[in-house]
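Down below is the structure, laid out as structure tokens.
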Ligand SMILES: Nc1ncnc2c1ncn2[C@@H]1O[C@H](COP(=O)(O)OP(=O)(O)O)[C@@H](O)[C@H]1O
Ligand SMILES: [Mg+2]
């Protein structure tokens with residue numbers, strides 16, 4: 018608390034009166050920070066975690082794009098508002114971690130709950146609006162342009178090739194799924210090479226559209242957690258809705274702004290496969306390379322097991 022307090026004082030000129038840990042997501046710790054009446058949401062990416070460099074590398078590239086969207090699109094009031102440091106940076110840093118500060122959103126995370134029809138329509142409008150914008154916007158998008166790379170695949174293959182060197186519980190967990198896993202890796206790798214050669218339309222995509230990244234605040238639905246912002250084929254977003262019971266309602270609304278839009282099945286297959294492998298690799302990395310307490314490790318093993326049990330569907 019003291020370290021965070023002095024960081025916020027030094028970098029943001031904020032005097033914290035209260036700091037409450039929040040249930041974060043996977044990648045970062047989170048706190049509600051209050052300075053008298055005003056409250057903020059602080060995300061802390063710990064440097065000790067393997068995934069941190071991946072999640073924080075592009076902050077300076079994607080935050081300005083979200084700020085542009087807030088000012089110039091109908092997504093105004095629907096995105097989290099970043100709070101810059103006194104020198105105008107969107108992140109700050111100390112020996113422990115990398116920090117991102119946002120205005121606090123009073124509201125409820127959708128999480129496990131179902132969306133109402135009104136929320137589905139609102140979400141479809143938001144995503145359709147986001148997909149109207151591409152590389153023509155006056156903020157650079159080159160750094161976030163999809164290149165269909167799957168950078169962790171080589172390391173994943175190496176680990177799987179030496180599976181008998183893994184901790185025994187991890188080995189026993191993976192072994193029964195080995196064939197499916199290797200087949201999926203091959204498929205994703207093949208599509209990765211093929212899609213690079215195609216001339217696909219690209220638009221701004223959020224790329225992490227699950228219900229834990231949606232909040233209902235007062236009368237409006239808000240889309241948070243923009244770390245994955247990409248210039249990519251829109252299947253990168255639409256893959257999250259394909260299996261939802263509300264897909265028809267969603268896509269009917271979406272098509273009001275994107276007439277006659279059809280999903281490209283090849284691109285969809287690539288994105289679904291890559292996402293599955295990313296999730297599996299994220300958990301493997303945590304177990305193999307992060308320092309975890311026994312309880313945390315058991316939870317990660319459980320999550321990995323769930324992911325592996327679904328792999329035959331891909
Ligand atoms: N600005 C905010 N104000 C209040 N709560 C927030 C805010 N941003 C995120 N949250 C809450 O914190 C959770 C994790 O935040 P998120 O940005 O999704 O982090 P992660 O990258 O770790 O998933 C969200 O599910 C939401 O409940
Ligand atoms: Mg999240």
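Numbering (my numbering), first residue to last: 18 to 331.
For every residue, glycine included, the Cβ atom is placed at its ideal position computed from N, Cα and C.
Q: Quick one: residues in its chain with C-beta nearer than 8 Å to the C-beta of residue 96, no 5 flanking neighbours on either side, listed in chain order?
A: Stepping through the chain shown from its first residue, residue 96 is reached at position 79. Cβ within range, chain order: 83, 86, 87, 239, 240, 241 and 243.
Q.
Among the candidates 295, 327 and 35, whose CA atom is the shortest distance from the CA of residue 52?
A. Residue numbering aside, residue 52 sits at position 35 when the chain shown is read from its first letter. Nearest option by C-alpha distance: 35.
**Q.** Nearest residue (CA-CA) to residue 319, options 189, 237, 245 and 261
**A.** For the purposes of this step, residue 319 is taken as the residue at position 302 of the chain shown. It is 189.
Q) How many Å lie between residue 264 and residue 28 at the Cα? A) On the chain shown, position 247 is the one that residue 264 refers to. On the chain shown, position 11 is the one that residue 28 refers to. Answer to the nearest angstrom: the Cα atoms are 44 Å apart.
Q. Does ligand 2 have even one heavy atom less than 7 Å from the beta-carbon of residue 229?
A. Against the chain shown, residue 229 aligns to sequence position 212. Answer for residue 229: yes, Cβ within range of ligand 2.
(Q) Judging by CA-CA distance, which residue of 151, 291 and 301 is the nearest neighbour of residue 217? (A) Along the chain shown, one-based indexing puts residue 217 at 200. Of the listed residues, the one whose Cα sits closest to residue 217 is 151.
**Q.** Buried versus exposed, by CB contacts within 10 Å (16 or more), residue 315
**A.** Here residue 315 refers to the residue found at position 298 when the chain shown is read from its first residue. Per the 10 Å Cβ criterion, exposed.
Q. Any heavy atom of ligand 1 closer than 7 Å to the Cβ of residue 97?
A. Along the chain shown, read from residue 1 onward, the residue named residue 97 stands at position 80. Yes - ligand 1 has a heavy atom lying nearer than 7 Å to the Cβ of residue 97.
Q) Short check: CB of residue 219 to CB of residue 125, under 8 Å? A) For this step, residue 219 is matched to residue 202 along the chain shown. For this step, residue 125 is matched to residue 108 along the chain shown. Against a cut-off of 8 Å, the Cβ pair of residue 125 and residue 219 comes out as no contact.
Q. Can residue 121 be considered in contact with ligand 1, in the sense that its beta carbon sits closer than 7 Å to one or more heavy atoms?
A. Looking up residue 121 in the chain shown gives position 104. Yes; taking the cut-off as 7 Å, the Cβ of residue 121 has a heavy atom of ligand 1 nearer than that.
**Q.** Beta-bridge partners of residue 305, as assigned by DSSP
**A.** As a working note, residue 305 is residue 288 in the chain shown. Its beta-bridge partners do not exist; DSSP assigns none.
Q) Fully enclosed by the segment 70-151, which beta strand (DSSP E) runs are 3 residues long or longer? A) 114-120
Q) What residue does the alpha helix (DSSP H) around residue 268 start on, and which one ends it? A) Within the chain shown, residue 268 is the residue found at index 251, counting from 1. Per DSSP, residue 268 belongs to the alpha helix (DSSP H) from 264-271.
Q | Of the listed residues 309, 143 and 288, nearest to residue 163 (C-alpha basis) | A | By one-based count along the chain shown, residue 163 stands at place 146. Residue 288 is the option with its Cα nearest to residue 163.
Q) Rounded to a whole number of angstroms, what is the C-alpha to C-alpha distance between residue 178 and residue 296? A) Position 161 of the chain shown, counted from the start, is the residue given in the question as residue 178. Position 279 of the chain shown, counted from the start, is the residue given in the question as residue 296. So the two alpha carbons sit approximately 19 Å from each other.
Q. Between residue 118 and residue 221, is the Cβ-Cβ spacing less than 8 Å?
A. Taking the chain shown and counting its residues from 1, one reaches residue 118 at position 101. Taking the chain shown and counting its residues from 1, one reaches residue 221 at position 204. Not a contact, by the Cβ cut-off of 8 Å.
Q) Among residues of its own chain, excluding the 5 on either side of residue 227, which ones have a beta-carbon nearer than 7 Å to its beta-carbon? A) Sequence index remark: in the chain shown, residue 227 carries index 210 (1-based). Hits under 7 Å: 257.
**Q.** First through last residue of the alpha helix (DSSP H) which encompasses residue 29
**A.** Here residue 29 refers to the residue found at position 12 of the chain shown. Where residue 29 is concerned, the enclosing alpha helix (DSSP H) stretches over 19-29.
Q: Locate the beta strand (DSSP E) running through residue 66, then write down its first and last residues.
A: Working through the chain shown from its first residue, we reach residue 66 at position 49. Per DSSP, residue 66 belongs to no beta strand (DSSP E) and is neither H nor E.
(Q) I need the DSSP call for residue 57, collapsed to helix, strand or coil. (A) Locating residue 57 in the chain shown gives position 40, where the first residue counts as 1. Of the three classes helix, strand and coil, the one that applies to residue 57 here is strand, per DSSP.
Q. Where do the ends of the alpha helix (DSSP H) carrying residue 173 lie?
A. Here residue 173 is taken as the residue at index 156 of the chain shown, counted from 1. 170-178 is the span of the alpha helix (DSSP H), which, as asked, contains residue 173.
**Q.** Cβ-based burial, residue 184 [other Cβ within 10 Å; buried from 16]
**A.** One-based indexing of the chain shown puts residue 184 at position 167. Exposed, by the Cβ-count rule.
Q | Extent of the continuous alpha helix (DSSP H) run through residue 207 | A | In the chain shown, counting from the first residue as 1, residue 207 sits at position 190. Counting along the chain, the alpha helix (DSSP H) containing residue 207 begins and ends at 195-213.
Q. What residue range is occupied by the uninterrupted beta strand (DSSP E) comprising residue 220?
A. Against the chain shown, residue 220 aligns to sequence position 203. Here the beta strand (DSSP E) through residue 220 covers 220-222.
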